[in-house]
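K.L.:
One structure is given below, represented as structure tokens, and several questions about it will come after.
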Amino acid sequence: MKRKISSAQLLFSVASFIVASRMITKVLYSYLKQDSWIGILLGYLISLPVLMIYGALAKRFPSKNIIEISEAVFGKILGKIISACYTFYFMSLAVLYTRSVGTFVKTIILPNTPMALILILFVFICSWAVKKGIIGLTGCSTVLAAISAVLIIFKFLLLFKELEFKNFLPAFAMQPKNYLIGAHVVAAQSLCEIFVFFMLVPHMQKPEEFGRTARAGVTVATVILLIVTARDIAVLGSYTVVSTMPSFSVLRLIDVGDIFTRLESLYTAIHISLLFFNVSILYYATVSGFSRLLNVKSHQCFIHIFGALMITGALSVFESSYEHTQWNSSAAAIYATLFLFFLPAATLIAAAIRRLPGKETEHPA
Amino acid sequence: MIVLVVMLFGLLALSDFPPLLKSGKRYEIIVLSGLYALGLALVTLQVFDVSFPGPIKGLQILIVDVLKIGYPES
């Protein structure tokens, strides 16, 4: 019997995926400073209706991924164009996350190693994971999510004496515009990115539960993001704005009786593992989307070459970390909104108007 | 460096093409060959330090400078 993804596996996968995208908190700190936690709550609230759109689409087309849904709803030509846009979006996210891994490893662990070598090794492991099958990978997410949650709570407890609750003051002191930008950044660059899991819907045991499970996963991840953000603000205060990696800087302060010290290595390990998970999911979405787009039955033959393209893209996408930060803070959320909100909403509206799926497509002979 | 790149691509091609050639999947071979040509061209440009415009930079210019819908720097 073919293995399928259970709802619990999807929930943990969604949570792991979002927790890995926590570097957006850096963008958030720059807009909302000590009120960043409010941005996360607002982002969660505005992502809920978007998640409902995803849920409604998955309920309507339980055996189809987003590429197949687009073609079913918009017809062959427009459907293919929209599918190509989705595939490009997945690829661009994969490239950006891969770049993040390269920057992180080069800055923190291997400053003298060429980034190309770091990326080749990293993408090689991701390609191996994609080749072995995405269902096994979602199985790993349970362990990843559990380890991340335990470590975050553990580090929170170790940092307890460093917490300064006056760092949250003055609260609600930013301009209203900044709260909206912050909420949009959280929703578009983190919470709603789980849209990529739409490519896994046909592999689910109960595809009709996609929306509910995704909402549960996003809720779990939001709680984790809130804890991390609140901890960073309480420990670092205004330094969160100038620090390049606030969560990493916080961990350097842990020193309990000379026993629990230099815990940043734990952060490094779990952060790279989570990014490996994200890139692998996006990698799978890209190759399976591309092969579906060109009506190729198996995506296996495209795995290696897309890995090479991802490495090339990641090496050339930005010339410096500053350019990456600029992209994240000025354009990334707007770019993502097209794919994460407008296109899915248009698809749902078009499907409702055209009364899709019809009976014949719902129960093929 | 370029020899290394060609060798790497050769190795990848050796694992990708034989199964397709064996099963006579012409369409897949054409698509894959196109992707390999694209990949090799991009990597060669990179090896020779030729900068080429990436789509992300283009999108950033479109969003921030042309459409003016980007977020202001905080």
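If you read the protein sequences in the order shown, they are chains D and R. Numbering (this note's numbering) for the first sequence: -3 to 361. Numbering (this note's numbering) for the second sequence: 63 to 136. Beta carbons: idealized from backbone N, C-alpha and C, even for Gly.
#1: Report yes if the CB atom of S3 of chain D is closer than 9 Å to the CB atom of L140 of chain D, and no otherwise.
#2: Under a CB-based cut-off of 9 Å, is G72 of chain R close to chain D?
#3: So Y40 of chain D is in the alpha helix (DSSP H); what residue range does that whole segment cover?
#4: Determine whether the Cβ of V93 of chain R lies closer than 9 Å to any Cβ atom of chain D.
#5: Can you tell which of D:G35, D:V275, D:E205, D:V246 has the C-alpha that lies nearest to the C-alpha of L262 of chain D?
#6: Are D254 of chain D and A167 of chain D close, meaning C-beta to C-beta below 9 Å?
#7: For F256 of chain D, I'd like the list of residues in its chain whose CB is within less than 7 Å of its CB, leaving aside the five on either flank, ordered along the chain.
#8: Would you mind working out which of D:Y280, D:I78, D:R258, D:T83 sits nearest I104 of chain D, comparing C-alpha positions?
#9: For F256 of chain D, list the residues DSSP reports as bridge partners.
#10: When the cut-off is 9 Å and only beta carbons count, does R288 of chain D lie next to chain R?
#11: M306 of chain D and T94 of chain D: beta carbons closer than 9 Å?
#12: If you draw a straight line from the alpha carbon of L100 of chain R to that of A304 of chain D, how long is it in whole angstroms?
#13: Taking contact to mean at least 3 C-beta pairs separated by less than 8 Å, is the region 219 to 231 of chain D in contact with the region 65 to 76 of chain D?
#14: Going by C-alpha distance, which of D:A90, D:L53, D:L41 is nearest I118 of chain R?
#15: Under three-state DSSP, which class holds I1 of chain D?
#16: With 16 other CB atoms within 10 Å as the buried threshold, where does W33 of chain D fall?
#17: Rounding to the nearest angstrom, what Cα-Cα distance links T351 of chain D and I1 of chain D in this structure?
#18: Taking Cβ-Cβ distances shorter than 9 Å, what residues in chain D pair up with F114 of chain R?
#19: Please indicate yes or no: does the CB of M170 of chain D lie closer than 8 Å to some heavy atom of the ligand HEM?
#20: Within 9 Å of any Cβ in chain R, is that where the Cβ of V192 of chain D sits?
#21: Helix, strand or coil for M69 of chain R, going by three-state DSSP, please let me know.
#22: How about V128 of chain R: is its C-beta nearer than 9 Å to some C-beta of chain D?
#23: Could you name the residues of chain D that I64 of chain R contacts, counting a contact when the two beta carbons are closer than 8 Å?
#24: Against chain R, does F84 of chain D count as a neighbour if the rule is that its beta carbon must be under 9 Å from one of theirs?
#25: At the level of alpha carbons, what is the spacing between S239 of chain D and E260 of chain D?
#26: Given a cut-off of 9 Å, decide if S26 of chain D and L384 of chain D are closer than it, judged by their beta-carbon atoms.
#27: Cα separation between L104 of chain R and V119 of chain D?
#28: Count the other CB atoms within 10 Å of the CB of K128 of chain D; is the residue buried (16 or more) or exposed (fewer)?
#29: DSSP three-state call for M200 of chain D: helix, strand or coil?
#30: Could you tell me whether the region 336 to 354 of chain D touches the region 65 to 74 of chain R, using the rule of 3 or more Cβ pairs below 8 Å?
#31: Can you pull the chain D residues whose beta carbon is under 8 Å from the beta carbon of G132 of chain R, in chain order?
#32: For a quick check, are the C-beta atoms of M200 of chain D and F86 of chain D less than 9 Å apart?
#33: For G101 of chain R and chain D, any beta-carbon pair shorter than 9 Å?
#34: If the cut is a Cβ gap below 8 Å, which residues of chain D does L97 of chain R touch?
#35: Give the DSSP-derived three-state secondary structure of M87 of chain D in the structure shown.
#36: Between which two residues does the alpha helix (DSSP H) holding T225 of chain D run?
P.N.:
Quick answer:
#1: no
#2: no
#3: 32 to 56
#4: yes
#5: D:V246
#6: no
#7: L154, I250
#8: D:R258
#9: D:V252
#10: no
#11: yes
#12: 10 Å
#13: no
#14: D:A90
#15: strand
#16: buried
#17: According to the sequence shown, residue 351 of chain D is Arg rather than Thr. Their backbone Cα atoms lie some 29 Å apart in a straight line.
#18: S312
#19: As far as ligands go, the structure on display features none, and thus does not contain the ligand HEM.
#20: no
#21: helix
#22: no
#23: In chain order: nothing, as chain D lies at least about 13 Å away.
#24: yes
#25: 15 Å
#26: Residue 384 of chain D falls outside the range modelled here, since chain D spans only -3 to 361, and no answer is possible.
#27: 17 Å
#28: exposed
#29: strand
#30: no
#31: S326, A327, I330
#32: no
#33: yes
#34: F298, I301, F302, L305
#35: helix
#36: 206 to 232
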